[in-house]
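> If you're matching them up, the sequences are chains A and B in order. Mapping of the first sequence onto full-length UniProt numbering: residues 1 to 787, in sequence order. Mapping of the second sequence onto full-length UniProt numbering: residues 1 to 233, in sequence order. For reference, the structure I am asking about is given below.
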Amino acid sequence: MPDKTPIDIPAASRRIDGAVHDSRRHESAHKHVSGEALYVDDIAEPAGLLHVQLGLASRAHARIRSMDLEAVRRAPGVVAVVTAADIPGDNDIGAGLRHDEPLFAEDVVQYHGHPLFAVAAETRDQARRAAQLAKVDYEDLPAVLDIAAARVTGTLVTAPMTLRLGDAEAALKAAPRTLSGRIKIGGQEHFYLESQIAMAIPGEDEDVLVHVSTQHPSEVQHIVAHVLDIPDGAVTVEVRRMGGGFGGKETQANLFAACVALVAKKTGRAAKLRPDRDDDIRITGKRHDFEVDYQVGFDDQGRILAADMLFAARCGFAADLSGPVTDRALFHADNCYFYGNARMASLPLKTNTVSNTAFRGFGGPQGMVAAERVVEEVAFATGLDPLDVRKVNFYGTTDRNVTPYHQTVEDNIIGPLVDELEEWSDYRARRQAIRAFNAANPYLKKGLALTPVKFGISFTFTPYNQGGALIHIYTDGSIHLNHGGTEMGQGLNTKVAQVVADEFQVDIGRIRITATTTGKVPNTSATAASSGSDINGKAAQNAARTLKARLVEFAAGHWNVPEDAVAFTAEGVRVGEQVLTFKEVVKAAYMGRISLSATGYYKTPKIHWDRAKGQGRPFLYYAYGAAVAEVTVDTLTGEYVVDQVDILHDCGDSLNPALDKGQVEGGFIQGMGWLTTEELWWDAQGRLRTHAPSTYKIPACGDRPRRFNVRLVQNSPNVEDTIHRSKAVGEPPLMLGISVLHALSDAVASVADHRICPRLDAPATPERVLTTIERLRAQAATGEGMA
Amino acid sequence: MGNRYDADVSRRGVLLGAVASVALTTGAHGGQALSTGGDGAAATSSGPVPVMTPVTSPVKGKVSFTVNGKAETLEVDTRTTLLDALREHLRLTGTKKGCDHGQCGACTVIVDGRRINSCLTLAVMHEGGSVTTVEGLGTPARLHPMQAAFVKHDGYQCGYCTPGQICSAVAVLEEIKAGIPSHVTGDLTAAPQMSATEMRERMSGNLCRCGAYSNILDAMAEVAGLQTAGGPA
């Protein structure tokens, strides 16, 4: 019998360390800052490890007449060369079932950089040198490189979708005023600081263990299995952490994992592939660039009566996730606005460029940028402040609340949220001050904009909305936790551990989360769609509750008290009149032959989606936010500075405000980069010329807004029963960056006295800002486009 | 100021000299075969393959330096970068390879008191030098004040750029203290200010894709004894 502890400890005298809603530091904090956190490239290399390099095509679209790899094979240190012919299973690494994405190109090269073969050598240097010795004879085929060319060929990578609400055509005809236009929205390179990487270790029989930097271990498992033609159960995929993912490791790790697994099984030696940064950028998918055609009907009060929008996307050579990405663009083409009548259609175009993929927001940002352009056009056409046009079109709470996909917005808080931000940021007064500044300054012009965000939370592919977890309690009272999500810096492991700590009322230090592995939690969903803590947090909570129920039942019987006299508290486990340590209870339960291991499972309720009809409830709830950006533009050069940004963002009842604030700030910075300095540029041969940080400019420390104020919405729990009433936070803040694009547009508009909508496309590089200023000045001189 | 300037020039002279001599050595053994990836060397070609002399016997060189206070002697291919020497020869994997082109800052280490992109410098150039990596600043149990400040302010998310950020941050504060001006230093004759503006500018060679810049600046501001780096400069 354990020692009895006096019961006169006052209730709630102590709070556990790392409870939910606490700003607990990241679980790897000390390892991150001391260099002890292990990423795949830091794992001690097994003896005999081979280094793999990919051989890449130097054509955008061509038939391979012949490929001579003799010199590659004969090169010093080379142990193996693998091509499509060496694949025992399926030469396909695609995320869907379309069989359109080979591991190695066989007959036809589909984009510049398409992998043709892989060479494995004793050293990385030898592999890199050998890969250059291939002789490939190409027969060039016509290459379709951009959206304009793809519209002509009209080939789609996947089925398009159309959403219809009301009768957009009739409403446009009946509207007092209409206008139409097109916005071009650039793509984005993920530029995770840790490049793609995979290391495979062959095991007995068919077994293979793959360490890989991926957001989707289960899919890597499936891909490796069918490339090798072995059962899923023979493949174990392990991910301790990623050095950034951002969607770029949702499907794009498949190639690298399959390649090293193939080499490992062929040679019987461990194999590692870590592409050089330039190669990584050239051969992995990016955020889709879009061209959106819009027609909008409205009245003189700025109220939108109808919207008709066509979303043409450059998808690249294969489908990958382009279907759900372009779908999500449509789901966010309303942003916070009730259109009344709408027709939204997607055009997922095939091009001979890298296959575009998931990127934080997953099409949603492009939909929202288009929506904000529409609002801006209406504001210029009516002469109203864009913020007033936004407000008049916000979804209602009891009416005017049906989206183009027929989901009713039930949790709308955008109105009060924007009101609060407007007041806090002093929007109106600053707007006046900026107009005065601009009147007094001939060359420097300021701009200010407030843009809102409403982002739908749930995978639109309903089956992905499930999560699993596994908890072991050991007899010393330590807790071992695994779940299906992956850690990429967002703090998912910390949040899930907080949830479990809270259930058992033990300090978080007692809980150990180890690498995510398909061997512990099977059939997982990608850590994507911002859903990580929503689904894995709930699954872990369920596992913990299963164990608690067993312990309660045991303790009640063992110490002869009613079950409701057993409670997990911060002081220990209260069993009737005594308080025992967690360890004492666990040890006694073990002696009483109680299983101390349990799985947990969760599936998101309420959601359903009929894509053919374009109707349903794809999202459990929405996350909201808004940002005010102020910029100063040098109208002689197009260069600009982001002076101030004020953000108010909704995380529900945040699981961890410090981590969530980090997500909001980081998401904003990344969204700002996408719409300002990050420009992808392909040449006429289809070669990506911005394939390194020297030419592809992500925001640096100096690009952070000079004044940057970020707050989370307080006292606003999720109306849905999510994990501790929190809201997902991974993606929504990225779209707060749209405020910078609109602030730039506001500054640019000043050169034509705010009478012409600048139609500033993205990315608004200084070059594009300058050409837009020059165009506006020319238009103002002729009176063209004046409202 | 004059002394510092002189010291810097002479140091640069030494560095340039070292680069030149290494380039000569490498060139004699087919240095052009080094090129890989990017555009310049597409892995395949339909035309005649450019003549490249495979390097069969890399030139080895011995280098002795101090790493995190410990004397080390390595015999490496003379083309080995300091980064690869640290990661692959000394198994100090805290220093990360982000772009391998000196453009992201993930590989920043401190050599003889100055921060340096370890992917852009050869190990053999640092004979007799003193190298400090993130592991040498502190350990989880005994953190350097800058490391502790990064923990306190969540100055990271994924952690991959963090070792470079921290090495850079430590050196930046020393640079400012030593009076070394930056692009944003208004008055080159006065000592640069320990300000948010200076820190933002000087830290701009260390990319963080997670966008944790606010927290990084807050951590630095704390160590520098400033109130906050978040507000106006």
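C-beta atoms are modelled at their ideal positions from N, C-alpha and C, and glycine is treated no differently.
Using a Cβ-Cβ cutoff of 7 angstroms, what residues of the stretch 205–238 of chain A are near chain B? List them in chain order.
Residues passing the 7 angstroms Cβ filter: none.
> Tell me which residues share the same chain as I87 of chain A and place their Cβ nearer than 7 angstroms to its Cβ, disregarding the 5 neighbours each side in the sequence.
As a position in the first sequence, residue 87 of chain A is number 87, starting the count at 1. L103, V227 and L262.
> Could you have a look at L74 of chain B and say whether DSSP puts it in helix, strand or coil?
Here residue 74 of chain B is taken as the residue at index 74 of the second sequence, counted from 1. L74 of chain B falls in the strand class under three-state DSSP.
> For A23 of chain B, count neighbouring C-beta atoms within 10 Å of its own C-beta (all shown protein chains included) and say buried if the count is 16 or more, exposed if not.
By one-based count along the second sequence, residue 23 of chain B stands at place 23. For A23 of chain B, the predicted structure reports a pLDDT of 38, less than 50, and the residue's modelled location is therefore unreliable. A value from the coordinates is still provided. It is exposed - the Cβ of A23 of chain B has fewer than 16 other Cβ atoms within 10 Å.
> For the alpha helix (DSSP H) containing D278 of chain A, name the first residue and the last one.
Your numbering for residue 278 of chain A matches position 278 in the first sequence. Taken as a continuous stretch (DSSP letters only), the alpha helix (DSSP H) holding D278 of chain A covers R277 to I283.
> Report the neighbours of C104 of chain B on chain A: residues whose CB is nearer than 7 angstroms to its CB, in chain order.
Here residue 104 of chain B is taken as the residue at index 104 of the second sequence, counted from 1. Near C104 of chain B (Cβ distances below 7 angstroms), the residues of chain A are L193 and P693.
> So the candidates are A:R373, A:A306 and A:F504; which of them puts its Cα closest to the Cα of G166 of chain A?
Working through the first sequence from its first residue, we reach residue 166 of chain A at position 166. Looking at the Cα atoms, A:A306 is the closest of the given residues.
> If you follow the alpha helix (DSSP H) that R343 of chain A is part of, which residue opens it and which one closes it?
Translated into the one-based positions of the first sequence, residue 343 of chain A becomes position 343. Premise fails: R343 of chain A lies in the beta strand (DSSP E), A342 to K350, not in any alpha helix (DSSP H).
> Report yes if the C-beta distance between M203 of chain B and C701 of chain A is below 8 angstroms; otherwise report no.
Locating residue 203 of chain B in the second sequence gives position 203, where the first residue counts as 1. Locating residue 701 of chain A in the first sequence gives position 701, where the first residue counts as 1. In this structure, C701 of chain A lies closer than 8 angstroms to M203 of chain B by Cβ.
> Find the residues of chain B that neighbour K31 of chain A, judging by a C-beta separation of less than 9 angstroms, and give them in chain order.
If you number the first sequence from 1, residue 31 of chain A lands on position 31. Ordered by position in chain B, the residues that pass the 9 angstroms Cβ test against K31 of chain A are P140 and G159.
> Quick check: the Cα distance between I756 of chain A and D411 of chain A, rounded to an integer number of angstroms?
Counting from 1 along the first sequence, the entry for residue 756 of chain A is found at position 756. Counting from 1 along the first sequence, the entry for residue 411 of chain A is found at position 411. So the alpha carbons of these two residues sit roughly 36 angstroms apart.
> Distance, Cα to Cα, A149 of chain A vs E222 of chain B?
On the first sequence, position 149 is the one that residue 149 of chain A refers to. On the second sequence, position 222 is the one that residue 222 of chain B refers to. So the alpha carbons of these two residues sit roughly 54 angstroms apart.
> In whole angstroms, what separates the C-alpha of S214 of chain B from that of R164 of chain A?
In the second sequence, residue 214 of chain B corresponds to position 214, counting from 1. In the first sequence, residue 164 of chain A corresponds to position 164, counting from 1. So the alpha carbons of these two residues sit roughly 43 angstroms apart.
> Do S118 of chain B and L92 of chain B have their beta-carbon atoms positioned less than 8 angstroms apart in this structure?
The residue labelled residue 92 of chain B in the question sits at position 92 within the second sequence. The residue labelled residue 118 of chain B in the question sits at position 118 within the second sequence. Against a cut-off of 8 angstroms, the Cβ pair of S118 of chain B and L92 of chain B comes out as no contact.
> Among the residues of its own chain, which have a CB less than 8 angstroms from the CB of V136 of chain A, if the five just before and after it don't count?
Sequence index remark: in the first sequence, residue 136 of chain A carries index 136 (1-based). Excluding positions up to five away in sequence, the list reads A57, S58, I64, S66, M67, D68 and L116.
> Check whether chain A comes within 8 angstroms of E222 of chain B, counting only Cβ atoms and requiring the distance to be less than that.
Here residue 222 of chain B is taken as the residue at index 222 of the second sequence, counted from 1. Closer than 8 angstroms: no.
> So, under 8 angstroms CB-CB, I723 of chain A and L675 of chain A are touching, yes? Tell me the CB distance rounded to an integer number of Å.
Start at 1 with the first residue of the first sequence, and residue 723 of chain A comes out as number 723. Start at 1 with the first residue of the first sequence, and residue 675 of chain A comes out as number 675. About 32 angstroms; that fails the 8 angstroms criterion.
> Please report whether the beta-carbon of D218 of chain B lies at a distance below 8 angstroms from any beta-carbon of chain A.
Position 218 of the second sequence, counted from the start, is the residue given in the question as residue 218 of chain B. Chain A, which has no Cβ nearer than 8 angstroms to the Cβ of D218 of chain B, makes this no.
> For K96 of chain B, count neighbouring Cβ atoms within 10 angstroms of its own Cβ and tell me buried if that reaches 16, exposed if not.
As a working mapping, residue 96 of chain B is identified with position 96 in the second sequence. Flag for K96 of chain B reads buried.
> If we require 4 or more residues per run, which alpha helix (DSSP H) segments fall completely within the stretch 6–58 of chain A?
29–34, all fully within the stretch 6–58 of chain A.
> Cα-Cα, which of B:D112, B:G105 and B:C107 is closest to F65 of chain B?
Here the question's residue 65 of chain B lines up with position 65 in the second sequence. F65 of chain B has its Cα closest to that of B:D112, out of B:D112, B:G105 and B:C107.
> What residues are listed by DSSP as bridge partners for N117 of chain B?
Within the second sequence, residue 117 of chain B is the residue found at index 117, counting from 1. N117 of chain B is bridged to B:T108.
> Would you identify the three-state DSSP class for N542 of chain A, choosing helix, strand or coil?
The count along the first sequence starts at 1 and reaches residue 542 of chain A at position 542. In the structure shown, N542 of chain A sits in a helix (DSSP, three-state: H, G or I).
> Would you check if there are 3 or more beta carbon pairs closer than 8 angstroms linking the stretch 351–366 of chain A to the stretch 715–735 of chain A?
Yes, they touch.
> Compare the beta carbon distance of E106 of chain A and A134 of chain A with 8 angstroms and say whether it is the shorter of the two.
The residue labelled residue 106 of chain A in the question sits at position 106 within the first sequence. The residue labelled residue 134 of chain A in the question sits at position 134 within the first sequence. Cβ atoms of E106 of chain A and A134 of chain A: not closer than 8 angstroms.
> In the DSSP output, what is I511 of chain A paired with across the bridge?
As a first step, residue 511 of chain A is located in the first sequence; it is residue number 511 there, counting from the start. Per DSSP, A:I479.
> Whole angstroms are fine: how far does the CA of E487 of chain A sit from the CA of H222 of chain A?
As a working note, residue 222 of chain A is residue 222 in the first sequence. As a working note, residue 487 of chain A is residue 487 in the first sequence. Taking the straight line from one Cα to the other gives about 20 angstroms.
> Against chain A, with Cβ distances strictly below 8 angstroms, would S214 of chain B count as a contact?
On the second sequence, position 214 is the one that residue 214 of chain B refers to. Closer than 8 angstroms to some Cβ of chain A, the Cβ of S214 of chain B qualifies, so yes.
> Could you check whether the Cβ of P202 of chain A sits closer than 8 angstroms to any Cβ belonging to chain B?
Along the first sequence, one-based indexing puts residue 202 of chain A at 202. It does not: the Cβ of P202 of chain A has no partner Cβ on chain B nearer than 8 angstroms.
> Using a C-beta to C-beta distance shorter than 7 angstroms, which residues of chain A count as neighbours of H126 of chain B?
Taking the second sequence and counting its residues from 1, one reaches residue 126 of chain B at position 126. What H126 of chain B touches in chain A: nothing, since even the nearest Cβ is about 19 angstroms away.
> Would you mind telling me which residues of chain B sit closer than 8 angstroms to R669 of chain A, beta carbon to beta carbon, in chain order?
Here residue 669 of chain A is taken as the residue at index 669 of the first sequence, counted from 1. Note that residue 669 of chain A corresponds to Ile in the displayed sequence, not to Arg. G211 and Y213, listed in chain order.
> Is it the case that the CB of A221 of chain B approaches a heavy atom of the ligand FMN more closely than 7 angstroms?
Absent from the structure shown: the ligand FMN. Ligands present: none.
> In the DSSP output, which residue or residues are listed as bridge partners for G61 of chain B?
Residue numbering aside, residue 61 of chain B sits at position 61 when the second sequence is read from its first letter. B:V76, per the DSSP bridge assignment.
> Smallest Cα separation from N352 of chain A: which of A:A379, A:H99 and A:W682?
Locating residue 352 of chain A in the first sequence gives position 352, counting from the first residue. Nearest option by C-alpha distance: A:W682.
> Would you call D610 of chain A buried or exposed, if buried means 16 or more other Cβ atoms sit within 10 Å of its Cβ?
Position 610 of the first sequence, counted from the start, is the residue given in the question as residue 610 of chain A. By the 10 Å Cβ count, D610 of chain A comes out exposed.
> Using a Cβ-Cβ distance cut-off of 8 angstroms, determine whether M203 of chain B contacts chain A.
As a first step, residue 203 of chain B must be located in the second sequence, where it is residue number 203. By this cut-off, M203 of chain B is an interface position.
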